[in-house]
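**Q**
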Amino acid sequence: MKKIKNVLYFYRILGWKEKMTGLGAIGYTFLGYALSGRFKFLSYFLNTFVVFLGTLFAFSVNNFYDWKVQGEKNFLGEKIESGKISENKALFFCFLPFLFGLFLSFLSFFLGLIPTFSFFLLVFLFLLTFFYAKPPLRLKERRFFGFLAVPLGSFLIFLESYFIVGRLTLNLIFFVVLFFLFETYLEILHVLDDSLSETEIKKLDQKKALRLLKILPTTSLFTSLCFSFSNPIFLNTFAFSSLRLFSLRNFKLEEARKIRKNVFSFQTSFYEYFVYGILGLFRLI
Numbered sequence: 000m001k002k003i004k005n006v007l008y009f010y011r012i013l014g015w016k017e018k019m020t021g022l023g024a025i026g027y028t029f030l031g032y033a034l035s036g037r038f039k040f041l042s043y044f045l046n047t048f049v050v051f052l053g054t055l056f057a058f059s060v061n062n063f064y065d066w067k068v069q070g071e072k073n074f075l076g077e078k079i080e081s082g083k084i085s086e087n088k089a090l091f092f093c094f095l096p097f098l099f100g101l102f103l104s105f106l107s108f109f110l111g112l113i114p115t116f117s118f119f120l121l122v123f124l125f126l127l128t129f130f131y132a133k134p135p136l137r138l139k140e141r142r143f144f145g146f147l148a149v150p151l152g153s154f155l156i157f158l159e160s161y162f163i164v165g166r167l168t169l170n171l172i173f174f175v176v177l178f179f180l181f182e183t184y185l186e187i188l189h190v191l192d193d194s195l196s197e198t199e200i201k202k203l204d205q206k207k208a209l210r211l212l213k214i215l216p217t218t219s220l221f222t223s224l225c226f227s228f229s230n231p232i233f234l235n236t237f238a239f240s241s242l243r244l245f246s247l248r249n250f251k252l253e254e255a256r257k258i259r260k261n262v263f264s265f266q267t268s269f270y271e272y273f274v275y276g277i278l279g280l281f282r283l284i
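The sequence shown lines up with residues 0 to 284 when you count with numbering that gives the first Met the number 0.
1. Counting pairs of Cβ atoms below 8 Å between the segment 33-41 and the segment 163-171, do you hit three or more?
2. Taking only the alpha-carbon atoms, compute the straight-line gap between L155 and F92 and give it to the nearest angstrom.
3. Is it the case that the segment 235-251 contacts the segment 265-279, given that we only count it when at least three CB pairs across the two stretches are under 8 Å?
4. Helix, strand or coil for N73 per DSSP?
5. State the start and end residues of the unbroken alpha helix (DSSP H) segment that holds N235.
6. In this structure, how does DSSP classify D193 when only helix, strand and coil are distinguished?
7. By the 10 Å Cβ neighbour count, where 16 or more other Cβ atoms means buried, how is S81 classified, buried or exposed?
8. Counting along the chain, where does the alpha helix (DSSP H) carrying L95 start and finish?
9. For the segment 118-133 against the segment 70-90, do three or more pairs of beta-carbon atoms, one drawn from each stretch, fall closer than 8 Å, so that the two count as touching?
10. Would you say A255 and L211 are within 9 Å of each other, going by their C-beta atoms?
11. Taking 6 Å as the limit between beta carbons, can you name the residues of its chain near L7, skipping five residues before and five after?
12. Could you round the C-beta distance between S59 and F9 to whole angstroms and report it? I think they count as a contact, below 8 Å.
13. Ordered along the chain, which non-local residues of its own chain (more than five positions away) have a Cβ less than 8 Å from that of G276?
14. Take F44 as the anchor and find which of K213, Y184 and S107 has the nearest alpha-carbon.
15. Considering Cα atoms alone, identify which of W66, K72 and R11 is closest to F56.
16. Pick from L180, E140, E182 and K201: whose alpha carbon is nearest that of V190?
17. Here's a check: name, in chain order, each residue in its chain whose Cβ is nearer than 8 Å to the Cβ of F263, leaving out the five neighbours to either side.
18. Alpha carbons only, please: which of K67, F63, G70 and I25 is nearest the one belonging to V49?
19. Compute the beta-carbon to beta-carbon distance between F63 and L90, rounded to the nearest angstrom, for a pair I have assumed lies under 8 Å.
20. Is the beta carbon of L167 sitting closer than 9 Å to the one on E253?
21. Please list the segments of the alpha helix (DSSP H) lying wholly inside the segment 16-52, counting only runs of 4 or more residues, in order along the chain.
22. Looking at V176: is its Cβ nearer than 9 Å to the Cβ of F226?
23. Locate the alpha helix (DSSP H) running through P134, then write down its first and last residues.
24. Excluding the five sequence neighbours on either side, which residues of its own chain have a C-beta within less than 8 Å of the C-beta of W66, listed in chain order?
25. Specify, as a first and last residue, the run of the alpha helix (DSSP H) that Q205 falls within.
Dropping the structure here:
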């Protein structure tokens, strides 16, 4: 049982201390499937597994280099320092999902289970994850790219999953604009959380991040209102953006981590995308 738990901590399937679970990205695949309005079991099953492997790689390799480069205290680093696993062995297990995930991506493509666009997005996501964490490029430490890489990754996971069977529509274009604004807003919360830590990289000035925390949901609110003239469904984002702004009126910096950990908080309001997912299943978007 302890060995299983160690594996779950290693790949951040389970959160460890302040570190959150990395499985949230899987939800974006299901959102993509729901909004595509069609069902293709084998393609979806393999794609979800590949994205799952991608999250295992992303969070384990990020933990490794955060420990190695920044001296961050995390589960993987603690195990290396205590001599329970060597650096080389830890790195091997970090890259195992990367290699297996790329293999399954190529296999799915050659078997015709995923289209060319989705295949290239998968490969790009694996490479983005690699260069985000690994020196010397380590995009995480480059302010502009370090800040945008995470919302971009979530955005591309959704698109990759949607386009397995989905088609480009005006509603999709409107939706992805709102979705990217939301993901950027979540990353601002991440940046503010990191700003309280001595070892975390400061991707953005704290004062600028605090301003963006209000600007992004305000932008979503007015953008969704404009989009609603084309399709009233986008009033869903208008309502939840209003809720976010209202709940942020007395925001305190030390609350950032608590908000991020609570997927049901009004400040995050993930309910918005449950609503879109249900509407997608009924082909209303």
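For glycine and all other residues, C-beta sits at the position ideal for the given N, C-alpha and C.
Since the model is a prediction, treat every value here as computed from it, not as a measurement.
**A** Judging by the given coordinates:
1. Taking 8 Å as the limit for Cβ pairs, the verdict is that the segment 163-171 does touch the segment 33-41.
2. 25 Å
3. Cβ pair count under 8 Å is three or more, so yes.
4. Coil, per DSSP.
5. L234 to S246
6. helix
7. exposed
8. From DSSP, the alpha helix (DSSP H) with L95 extends over E86 to F109.
9. no
10. no
11. L13
12. 6 Å
13. Only residues of its own chain outside the window of five on either side were considered, and among them F29, L30, A33 and L34 have a CB closer than 8 Å to the CB of G276, listed in chain order.
14. Of the listed residues, the one whose Cα sits closest to F44 is S107.
15. R11
16. Nearest C-alpha to V190: K201.
17. F269 and Y270
18. That would be I25, whose Cα lies nearest to the Cα of V49.
19. 6 Å
20. No, Cβ-Cβ distance for L167 and E253 is not below 9 Å.
21. Annotation: the segment 16-52 contains the following complete segments of the alpha helix (DSSP H) (minimum length 4 residues), in chain order: 25-35.
22. It is a contact, given that the beta carbons lie within the stated cut-off.
23. Note, P134: premise wrong, no alpha helix (DSSP H); not H, not E.
24. Cβ within range, chain order: K72, N73, L75, G76 and I79.
25. Segment Q205 to F226, the alpha helix (DSSP H) holding Q205.
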